[in-house]
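Let me begin by presenting the structure, written as structure tokens, before commenting on it.
There are 2 protein chains.
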Amino acid sequence: MSVPKFAQIKEFILENIQSGEWQENDRVPSENELTSQFQVSRMTARRALSELTDAGILTRSQGQGTFVASFKSQSSLLEIKNIADEVKARNSNYSCTILVMESISAIAPIAIALGVEVDSHVYRSVIVHNENEQPLQVEERFVNPALAKDYLQQDFHSLTPHEYLSQNAPLTEARHTVEAIMPNQEMCEWLNLYNEEPCLQVIRRTWSSQGIVSFARLVSPGSKYRLGGHLTFKK
Amino acid sequence: MSVPKFAQIKEFILENIQSGEWQENDRVPSENELTSQFQVSRMTARRALSELTDAGILTRSQGQGTFVASFKSQSSLLEIKNIADEVKARNSNYSCTILVMESISAIAPIAIALGVEVDSHVYRSVIVHNENEQPLQVEERFVNPALAKDYLQQDFHSLTPHEYLSQNAPLTEARHTVEAIMPNQEMCEWLNLYNEEPCLQVIRRTWSSQGIVSFARLVSPGSKYRLGGHLTFKK
DNA sequence: CAACTCATCTTGTATATACAAGAAAATTAT
DNA sequence: ATAATTTTCTTGTATATACAAGATGAGTTG
Numbered sequence: 078m079s080v081p082k083f084a085q086i087k088e089f090i091l092e093n094i095q096s097g098e099w100q101e102n103d104r105v106p107s108e109n110e111l112t113s114q115f116q117v118s119r120m121t122a123r124r125a126l127s128e129l130t131d132a133g134i135l136t137r138s139q140g141q142g143t144f145v146a147s148f149k150s151q152s153s154l155l156e157i158k159n160i161a162d163e164v165k166a167r168n169s170n171y172s173c174t175i176l177v178m179e180s181i182s183a184i185a186p187i188a189i190a191l192g193v194e195v196d197s198h199v200y201r202s203v204i205v206h207n208e209n210e211q212p213l214q215v216e217e218r219f220v221n222p223a224l225a226k227d228y229l230q231q232d233f234h235s236l237t238p239h240e241y242l243s244q245n246a247p248l249t250e251a252r253h254t255v256e257a258i259m260p261n262q263e264m265c266e267w268l269n270l271y272n273e274e275p276c277l278q279v280i281r282r283t284w285s286s287q288g289i290v291s292f293a294r295l296v297s298p299g300s301k302y303r304l305g306g307h308l309t310f311k312k
Numbered sequence: 078m079s080v081p082k083f084a085q086i087k088e089f090i091l092e093n094i095q096s097g098e099w100q101e102n103d104r105v106p107s108e109n110e111l112t113s114q115f116q117v118s119r120m121t122a123r124r125a126l127s128e129l130t131d132a133g134i135l136t137r138s139q140g141q142g143t144f145v146a147s148f149k150s151q152s153s154l155l156e157i158k159n160i161a162d163e164v165k166a167r168n169s170n171y172s173c174t175i176l177v178m179e180s181i182s183a184i185a186p187i188a189i190a191l192g193v194e195v196d197s198h199v200y201r202s203v204i205v206h207n208e209n210e211q212p213l214q215v216e217e218r219f220v221n222p223a224l225a226k227d228y229l230q231q232d233f234h235s236l237t238p239h240e241y242l243s244q245n246a247p248l249t250e251a252r253h254t255v256e257a258i259m260p261n262q263e264m265c266e267w268l269n270l271y272n273e274e275p276c277l278q279v280i281r282r283t284w285s286s287q288g289i290v291s292f293a294r295l296v297s298p299g300s301k302y303r304l305g306g307h308l309t310f311k312k
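In order, the protein sequences belong to chains A and E.
Per our numbering, numbering of the first sequence is gapless, rising by one per residue and ending at 312.
Per our numbering, numbering of the second sequence is gapless, rising by one per residue and ending at 312.
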């Protein structure tokens, strides 16, 4: 047996999720439905669903069924995701200022990071995220236009770029680096920094099944922002 | 049935690991052994082992058996762990300089972070980790003496503090914060920084089942060190 | 109409069984 | 003694079966 049956069923489910066919909170086939679709025993179908549930990709509820998990519950480092939620969770006022929305010609490093040809057009946005009207983070983002045609037409006051992108091209992979930098003058203005101070910079590249979606640079003043991580061994 | 059998077996295994009874890479009972010990079917014993394996706590190998996983393979952010390995993986020369090894009286913030009484004695060490004889990271660590009596007698040239501690009091939980700071003068000297530059500071607190083990502060120059993270959705 | 009961669909737990395949030790043959 | 074979122990895959328990809607009863 080259590839086990339970693994085939897992792949089938993952493909449907990654293609966007099954969205967040959608119901996936029940154990009995998979049993007849794939001509396997219930225990085999169950194994596929259980393992994807343990991996955080599905959620199950006795009596109701099995559903595609929401991406929020994904993983530790990706908590660096939605700064709007983070601010609201602190009972602070969230707002954002959109500084740049444009289509530019990709110079070499950006083209390479996005996996497109040099001098081809890519989208660029610069957004300042505020907590109680004070700048907290600058988000500079370069987007592969092939995977998000309407990017420049979005209103990012109501929906963050990350939310928009993950709805249009379900992401399958993300890579981060975190470093400490000294902001340049432009960045100081954006962040309203009168005295120079070190900043935390997160670079994030995200992939979908069709390729690299976007490349973001998130810069926050060291005095106002820190990253948290938490690990438990047990359970 | 209040608590399922497979869950009881999982607890049994976890307790043995957390107590230090079963160390890294030790063998755990086979499916058949658990079957007779707990009077369950092989499938139930198997479920306990499989789920702990999926959780990264055990590793299994067909024909050989099931073993306690090494903590290296634990999780994404904990990769911030062993800087010695990181340097060696880059084919660079690793060395370290031990600056301080002492027993001090805990001032309030340190006592609170360690969960001990103010003015009680705690251990403190300061170590500089070098890559090719250049300072890469300063590790300042405060240790709860109740959980690591021989801490000051160790030779940390051969064994890192983290390795020593996790052998003596198996860790069950870790919490990190990452931030960007400007180093003070003492830190600049330790890191050999002539010009001020922003640094990445990681604060890590680690727990064992008996309480807070230690509290570490890891500082690296922004120009020489960055943190990496990687997330995959698939599989 | 409202409340209750019941049938049905869902996931959850547990067992007994069968065969496959990798690894290592014991046995046998050279 | 060494090499090849066999046995045994391990995990891996797959099925059929049984009963428990949560959720939901249909039908019955008051």
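Glycine included, C-beta positions come from ideal geometry on N, C-alpha and C.
From a predicted model like this one, the values you see are computed outputs, not experimental measurements.
In chain A, what lies closer than 8 Å to isoleucine 204 of chain E by C-beta?
To locate residue 204 of chain E, count along the second sequence from 1; it is residue 127. Simply none; closest approach about 20 Å.
Starting from the Cα of valine 195 of chain A, find the closest Cα among A:Ser286, A:Ser127 and A:Ile181 and give me that residue.
Position 118 of the first sequence, counted from the start, is the residue given in the question as residue 195 of chain A. Of the candidates A:Ser286, A:Ser127 and A:Ile181, the one whose C-alpha sits nearest the C-alpha of valine 195 of chain A is A:Ile181.
Does the segment 161–172 of chain E come close enough to the segment 196–211 of chain E that 3 or more CB-CB pairs lie under 8 Å?
yes
Mind the definition here: the segment 93–106 of chain A touches the segment 243–251 of chain A only if three or more C-beta pairs lie below 8 Å; say whether that holds.
yes
Just confirm the distance between the C-beta atoms of phenylalanine 219 of chain A and isoleucine 187 of chain A, as a whole number of angstroms; I'd bet it's less than 8 Å.
Locating residue 219 of chain A in the first sequence gives position 142, where the first residue counts as 1. Locating residue 187 of chain A in the first sequence gives position 110, where the first residue counts as 1. Right, their Cβ atoms sit about 5 Å apart.
Members of the segment 124–139 of chain E that neighbour chain A once the beta carbon cut-off is set at 8 Å:
Glu128, Asp131, Ala132 and Ile134
CB-CB length for serine 291 of chain E against leucine 242 of chain E, believed under 8 Å
Indexing the second sequence from 1 puts residue 291 of chain E at position 214. Indexing the second sequence from 1 puts residue 242 of chain E at position 165. Correct: roughly 6 Å between the Cβ atoms.
From what residue to what residue does the beta strand (DSSP E) around asparagine 207 of chain A run?
Mapped onto the first sequence, residue 207 of chain A falls at position 130. Asparagine 207 of chain A -> beta strand (DSSP E) spans 198–208.
Using the C-alpha atoms, what's the distance from alanine 122 of chain E back to threonine 112 of chain E?
For the purposes of this step, residue 112 of chain E is taken as the residue at position 35 of the second sequence. For the purposes of this step, residue 122 of chain E is taken as the residue at position 45 of the second sequence. Cα to Cα, threonine 112 of chain E sits roughly 6 Å from alanine 122 of chain E.
Under 8 Å from the C-beta of glutamate 256 of chain A: neighbouring residues of chain E
Along the first sequence, one-based indexing puts residue 256 of chain A at 179. Per Cβ cutoff of 8 Å: Leu277, Gly299, Tyr302, Arg303 and Leu304.
Measuring only the C-alpha atoms, how far is aspartate 103 of chain E from isoleucine 86 of chain E?
For the purposes of this step, residue 103 of chain E is taken as residue 26 along the second sequence, with counting starting at 1. For the purposes of this step, residue 86 of chain E is taken as residue 9 along the second sequence, with counting starting at 1. If I take the Cα positions, the gap works out to 17 Å.
Determine, using beta carbons only, whether methionine 264 of chain A comes closer than 7 Å to chain E.
For the purposes of this step, residue 264 of chain A is taken as the residue at position 187 of the first sequence. By this cut-off, methionine 264 of chain A is not an interface position.
Members of the segment 163–191 of chain A near chain E, C-beta cut-off 7 Å
none
Proximity of serine 297 of chain A and glutamine 214 of chain A at Cβ, strictly below 7 Å
Indexing the first sequence from 1 puts residue 297 of chain A at position 220. Indexing the first sequence from 1 puts residue 214 of chain A at position 137. Cβ atoms of serine 297 of chain A and glutamine 214 of chain A: closer than 7 Å.
Roughly how many whole angstroms lie between the Cα atoms of arginine 167 of chain A and alanine 251 of chain E?
Within the first sequence, the letter at position 90 stands for residue 167 of chain A. Within the second sequence, the letter at position 174 stands for residue 251 of chain E. Rounded to whole angstroms, arginine 167 of chain A to alanine 251 of chain E spans 23 Å at the Cα level.
Check this for me: beta carbons of glutamate 217 of chain E and valine 205 of chain E, under 7 Å apart or not?
For the purposes of this step, residue 217 of chain E is identified with residue 140 of the second sequence, where counting begins at 1. For the purposes of this step, residue 205 of chain E is identified with residue 128 of the second sequence, where counting begins at 1. Going by C-beta atoms, glutamate 217 of chain E is not nearer than 7 Å to valine 205 of chain E.
Comparing alpha-carbon positions, which option in E:Thr143, E:Arg281, E:Asn269 and E:Phe89 lies nearest proline 238 of chain E?
In the second sequence, the residue the question calls residue 238 of chain E occupies position 161. Among E:Thr143, E:Arg281, E:Asn269 and E:Phe89, the Cα nearest to that of proline 238 of chain E belongs to E:Arg281.
Please name the residue in E:Leu135, E:Leu236, E:Ala293 and E:Val80 whose C-alpha comes closest to that of tryptophan 99 of chain E.
The residue labelled residue 99 of chain E in the question sits at position 22 within the second sequence. It is E:Leu135 whose Cα lies nearest to the Cα of tryptophan 99 of chain E.
What do you reckon, are the CB atoms on valine 117 of chain E and lysine 82 of chain E nearer than 7 Å?
To locate residue 117 of chain E, count along the second sequence from 1; it is residue 40. To locate residue 82 of chain E, count along the second sequence from 1; it is residue 5. Closer than 7 Å, so yes.
Assign glutamate 256 of chain E to buried or exposed, taking buried as 16 or more other Cβ atoms, counted over all protein chains shown, within 10 Å of its Cβ.
Walking along the second sequence from the start, residue 256 of chain E turns up at place 179. The residue is buried, with at least 16 neighbouring Cβ atoms inside 10 Å.
Whose C-beta lies closer than 6 Å to the C-beta of leucine 126 of chain E among residues of the same chain, with five residues either side of it excluded?
Numbered from its first residue, the second sequence carries residue 126 of chain E at position 49. Cβ neighbours of leucine 126 of chain E beyond the five flanking positions: Thr143.
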